[in-house]
Amino acid sequence: MAYVIAEPCRSQRCAACYAVCPAGAIGGDYHDEQMYIDPDRCIDCGLCQEACPSGAIFLEEDLPEAWAEYARLNREYFRRPPT
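Numbering-wise, the UniProt record's numbering puts 75 at position 75 of the sequence shown, and it's gapless, one number per residue.
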């Protein structure tokens with residue numbers, strides 16, 4: 001089960017998670033609303049969750065129901081065609 005970046009990232013988007021991810025599973029450009037985790041590359045180490053100052057990162061199974069759509073948004077971010 002991969003980690004998911006949820007709504008609190010939208011107000012922070014600091015990329016602390018990106019800096020610590022050993023799998024290179026986190027993406028997001030300057031024009032994106034938030035950072036995203038690729039569930040196919042995530043190795044479930046939890047370093048991103050520890051580094052996140054806004055508490056925006058959850059294991060998918062622990063994702064609050066109010067933010068359930070973020071699991072889909074994270075997956076879809078890495079499946080979209082390149083721009």
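We treat Cβ as the ideally placed atom computed from N, Cα and C, and that holds for glycine.
Keep in mind the model is a prediction, meaning the values are calculated, not measured.
Across the structure, D29 and M35 are spaced so that their CA atoms are roughly 8 Å apart. Pairing I26 with C42, the inter-Cα distance amounts to about 8 Å. Just so you know, the alpha carbons of I37 and M1 end up roughly 12 Å apart. Using a Cβ distance threshold of 7 Å, I57 and C45 do not count as a contacting pair.
The beta carbon of A23 lies closer than 8 Å to those of R41, C42, I43 and C45 in the same chain, with the five residues before and after it left out.
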